[in-house]
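Engineer: Mind looking over this structure? Questions follow.
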Amino acid sequence: MVMAALSSFRVLVVPGLYNSSPQHWQSRWQRLYPSFERVEQARWDAPVLEVWSERLRQQLRKSEQPTLAIAHSFGCLTTVHGALNQVPNLAGALLVAPADPDKFDVSAAVSGRLPVPAIVVGSLNDPWMESRRARHWAKVWGAEYIDAGALGHINAESNLGDWLYGQSLLQRLVALSAEQKNDTVRDTARPTATR
Numbered sequence: 010m011v012m013a014a015l016s017s018f019r020v021l022v023v024p025g026l027y028n029s030s031p032q033h034w035q036s037r038w039q040r041l042y043p044s045f046e047r048v049e050q051a052r053w054d055a056p057v058l059e060v061w062s063e064r065l066r067q068q069l070r071k072s073e074q075p076t077l078a079i080a081h082s083f084g085c086l087t088t089v090h091g092a093l094n095q096v097p098n099l100a101g102a103l104l105v106a107p108a109d110p111d112k113f114d115v116s117a118a119v120s121g122r123l124p125v126p127a128i129v130v131g132s133l134n135d136p137w138m139e140s141r142r143a144r145h146w147a148k149v150w151g152a153e154y155i156d157a158g159a160l161g162h163i164n165a166e167s168n169l170g171d172w173l174y175g176q177s178l179l180q181r182l183v184a185l186s187a188e189q190k191n192d193t194v195r196d197t198a199r200p201t202a203t204r
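Taking the working numbering, I'd label the letters of the sequence shown as residues 10 to 204.
As structure tokens, then:
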């Protein structure tokens, strides 16, 4: 069901610190949907925002197809930074359990309203960002906020399997991104009034 909805989008998986293990829902989604591509970092143990964002930018340049980012933890900050710096072809972002920008001293670099639809998924007991802070950042980014309950850092330790609820949120993002894409096409097709 998700794949049919995704047919007009490319999908990039953007993991956080130390990458996503084989049991992580991001890795499981890549096995379920082989067309999903992972943004690989040279140093998974050294999250440097500008370096990681450049890797995202390089991956996005490989195709002109509208792209959705499925990000986790520091990968969310990477995606936000990229979006705020107008990475090419980004059409939407699912930002799951973002790391607190203050913990990495990057708050200023990720402050601003995103130019694409985004959904932030927070957890009530996430050690990397309190839910009230996640809600705050969602507001800063102009993103929809989803409280996923007490799921820790929404990672492999959360034992989510294929995380079906997350897949439903991805479907929602597809709908939001397609709607914005259609609005953009309609806006560019409108005749300009002359005086």
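We put the beta carbon where it would ideally sit given N, CA and C, even for glycine.
Mark A184 as exposed unless 16 or more other C-beta atoms lie within 10 angstroms of its C-beta, in which case mark it buried.
Structural biologist: Against the sequence shown, residue 184 aligns to sequence position 175. Classification of A184: exposed, given that the 10 Å Cβ count is below 16.
Engineer: How about N94 and T76: do their beta carbons lie closer than 8 Å?
Structural biologist: Within the sequence shown, the letter at position 85 stands for residue 94. Within the sequence shown, the letter at position 67 stands for residue 76. The answer is no: Cβ separation not under 8 Å.
Engineer: Starting from the Cα of D135, find the closest Cα among D109, K148 and L178 and give me that residue.
Structural biologist: Here residue 135 is taken as the residue at index 126 of the sequence shown, counted from 1. For the residues D109, K148 and L178, the minimum Cα distance to D135 belongs to D109.
Engineer: From which residue to which residue does the alpha helix (DSSP H) around V60 run?
Structural biologist: In the sequence shown, the residue the question calls residue 60 occupies position 51. Element bounds for V60: L58 to R70.
Engineer: By DSSP's criteria, I155 is part of a beta bridge. Which residues make up the other side?
Structural biologist: The residue labelled residue 155 in the question sits at position 146 within the sequence shown. BP columns for I155 point to V130.
Engineer: From A51 to A106, what does the alpha carbon distance come to, in whole angstroms?
Structural biologist: The residue labelled residue 51 in the question sits at position 42 within the sequence shown. The residue labelled residue 106 in the question sits at position 97 within the sequence shown. For A51 and A106, the distance between alpha carbons rounds to 22 Å.
Engineer: According to the Cβ coordinates, are T88 and L69 closer than 8 Å?
Structural biologist: Translated into the one-based positions of the sequence shown, residue 88 becomes position 79. Translated into the one-based positions of the sequence shown, residue 69 becomes position 60. It is not a contact, given that the beta carbons lie outside the stated cut-off.
Engineer: Which one of V57, L133 and L103 has the shortest CA to CA distance from D114?
Structural biologist: Counting from 1 along the sequence shown, the entry for residue 114 is found at position 105. Ranking the options by Cα distance to D114, first place goes to V57.
Engineer: Considering only DSSP beta bridges, list what H90 is partnered with.
Structural biologist: On the sequence shown, position 81 is the one that residue 90 refers to. Paired residue(s): none; H90 is not in a bridge.
Engineer: Give the DSSP-derived three-state secondary structure of R47 in the structure shown.
Structural biologist: As a working mapping, residue 47 is identified with position 38 in the sequence shown. Correct three-state label for R47: strand.
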